[in-house]
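Letter 279 of the sequence shown, counting from 1, is numbered 278 in numbering that gives the first Met the number 0, and no numbers are missing. Ideal placement from N, C-alpha and C gives every residue a C-beta, glycine not left out. Taking it in order: structure first as C-alpha cells, then the write-up.
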Amino acid sequence: MTFPDEAHLITWPENFKAAASFTFDVDAESCTIAHDPTSTRRMSLMSHQSYGPRVAVPRLLKILERQEIQGTFFIPGFTAESYPDVVRRIVDGGHEVAHHGYLHEPMQGIDAATEANYLDRGLEALAKVAGVRPVGYRAPWWELNWHSPALLADRGFLYDSSLLDGDAPYRMAVTRGDSGHSNSRDIVEIPVDWALDDWEQYAFYPGVTGSGVIESPAKVLEMWTLEAEAHHAQGSCFVLTNHPFISGRPSKAVALEQLIDRVKALDGMWVTTLERIAEHTKATVNEIHSHARIEVPSYPGAGASFKPARLLETAPN
Ligand SMILES: [Zn+2]
0 MTFPDEAHLI
10 TWPENFKAAA
20 SFTFDVDAES
30 CTIAHDPTST
40 RRMSLMSHQS
50 YGPRVAVPRL
60 LKILERQEIQ
70 GTFFIPGFTA
80 ESYPDVVRRI
90 VDGGHEVAHH
100 GYLHEPMQGI
110 DAATEANYLD
120 RGLEALAKVA
130 GVRPVGYRAP
140 WWELNWHSPA
150 LLADRGFLYD
160 SSLLDGDAPY
170 RMAVTRGDSG
180 HSNSRDIVEI
190 PVDWALDDWE
200 QYAFYPGVTG
210 SGVIESPAKV
220 LEMWTLEAEA
230 HHAQGSCFVL
240 TNHPFISGRP
250 SKAVALEQLI
260 DRVKALDGMW
270 VTTLERIAEH
280 TKATVNEIHS
290 HARIEVPSYP
300 GAGASFKPAR
310 LLETAPN
C-alpha cells in the first residue's frame, strides 16, 4: 500500500486502493447575488445562473443514474428555497445533500457570530425544503476561517471540504474559536484543488468572471483524467467540483460522463460520496492534524525585519 502524502496517511476499505468523488455546487443565483446584490437586475445573468437547477441538474442526475454512482451536492439555503423540487429530486436520487452557506456569503473577514448565523440559516432551509440534516460543509468560494471548524463541530458536522493542503482526507483538530470549547473534538477534512474545479476551465460571464476563457471539454477531460490517474496511482482521493450551470451544458456534460466512465474503470477506485469517505476516515484514521496559524503581530515598517510566528490555536491536551 502506498500512501498519498506523508502528512495524511490513509488506507481505503477492502478491495479499494484509492477514492473518487463527484461533487456539485448548486450555487444557481446565490453566488452572483452575494458577490453583487444589484446583479438581480440583470435578467440575462440571472438566466445564466438558473440554467443550473432548471436544465443542468436534471441532466446531471440522469448521468449519475446511468453511471450508477452517487454524487455530493452542496446546496446554498437560498437555492433550496428557490428550487425545492430540484433539491427533492437530488435526495430522491440517493445523492448526498450538503451545506454551502445560505446565500453563498463571502466568508473573508467575517466574525464567528455572523458565520454561525449563515450556517444556521442554511441548515434551516435544507431541513424545511428536503428534511435533510447535512453532515458535510463546503465554504462558499472554499474560504474557511480559523473559527469555522469549531462552528461546524458545534453543529454536529462530520466533515468539511474547503481546504487545499492534502491529497487525501484527514482528521483536523477543532480550534478554540469563539465557542469556548476545548480541542477534544475534531472534524474530517477532505481537501480540494483548483485544478479540479470546473470554474477555472469553463466559467465566463461578462462583468462577473473577468477574462475567463471557455476551454475545450476535450482538453478538460484530458486534464482531469490525468489527475484521476495520478490519485489512483498514489492511493489518494480525487475530488471533482462542478457547478451545474457550467458543467451541465451539453458538451461539458458529455465530457463529464466520459470522465466518470474512465474513473470507474480504474482498478480499485472507490467512487462514492464525500459522506462515505468522511465516515471511513473518521473510523480508520487515528492521528488528528492541528493547523498552525501564522501570526504577524504588526507590520514594523519599511526596511525593518520581522519574524512571523506559527501559532497553534488548539489548546494543549
Ligand atoms: Zn459555490
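Residue i - partner residues in DSSP beta bridges
i: arginine 292; result: Leu310
i: aspartate 166; result: According to DSSP, which records beta bridges pairwise, aspartate 166 is partnered with nothing at all.
i: glutamate 214; result: Paired residue(s): none; glutamate 214 is not in a bridge.
i: valine 238; result: Ser20
i: alanine 97; result: Phe73
i: methionine 268; result: Ala17
i: glycine 135; result: Tyr158
i: isoleucine 186; result: Met171
i: isoleucine 287; result: Arg170
i: aspartate 196; result: Thr240
Contact set for residue i: own chain, Cβ-Cβ below 6 Å, skip 5 residues either direction
i: valine 131; result: Val96 and Leu125
i: threonine 22; result: Thr71 and Thr240
i: leucine 122; result: none
i: asparagine 316; result: At asparagine 316 the pLDDT is 38, less than 50, meaning the model places this residue with poor confidence; the figure from the coordinates comes in the next sentence. For asparagine 316, where only same-chain residues beyond five positions count, there are no Cβ hits under 6 Å.
i: arginine 120; result: Gly76 and Tyr101
i: arginine 137; result: Phe73, His99, Ser160 and Ser161
i: tyrosine 82; result: Pro52
i: tyrosine 50; result: Phe244
i: serine 246; result: Asp197 and Leu255
i: phenylalanine 203; result: Gly211 and Ile213
i: histidine 230; result: Ala17 and Phe237
i: glutamine 69; result: Gly93, His94 and Thr272
i: proline 216; result: Ser250, Lys251 and Ala254
Close Cβ partners of residue i (< 8 Å) along its chain, the five nearest in sequence each way excluded
i: alanine 277; result: Val134, Gly135, Leu157, Tyr158, Pro168, Val187 and Ile189
i: arginine 309; result: Ala291, Arg292, Ile293 and Glu294
i: glycine 179; result: Confidence in glycine 179 is poor, its pLDDT being 47 and thus under 50, which makes the residue's placement too unreliable to answer from.
i: valine 219; result: Asp197, Gln200, Tyr201, Lys251 and Ala254
i: phenylalanine 15; result: Gly267, Met268 and Trp269
i: isoleucine 287; result: Arg170, Met171, Ala172 and Asp185
i: glutamate 256; result: Ile62, Arg65 and Gln66
i: glutamate 142; result: Pro105, Met106, Gln107 and Ser161
i: glutamate 274; result: Thr71, Glu95, Ala97, Val134, Gly135, Leu157 and Tyr158
i: arginine 88; result: Val56, Pro57 and Leu60
i: threonine 280; result: Ile9, Tyr158, Pro168, Tyr169, Arg170, Val187 and Ile189
Beta-carbon proximity check, residue i vs residue j, cutoff 8 Å
i: valine 262; j: phenylalanine 237; result: yes
i: valine 56; j: proline 243; result: yes
i: valine 90; j: alanine 33; result: no
Whole-Å CB distance - residue i paired with residue j, under 8 Å assumed
i: proline 139; j: histidine 103; result: 4 Å
i: glutamate 226; j: leucine 195; result: 6 Å
i: threonine 271; j: serine 20; result: 6 Å
i: alanine 115; j: threonine 78; result: Not a contact, Cβ separation roughly 20 Å.
i: aspartate 192; j: leucine 150; result: Contact flag wrong, Cβ pair sits at about 24 Å.
Cutoff 7 Å; reference residue i; Cβ partners in own chain excluding five residues on either side
i: glutamate 13; result: none
i: proline 307; result: Ile293, Glu294 and Val295
i: threonine 31; result: Ser38, Leu44, Gln48 and Val207
i: threonine 224; result: Leu258 and Arg261
i: leucine 311; result: Ser289 and Ala291
i: valine 54; result: Gly247
With a cut-off of 6 Å, give the chain-ordered residues whose Cβ is closer than this to any heavy atom of ligand 1. Asp24, Asp26, Cys30, His99, His103 and Pro139
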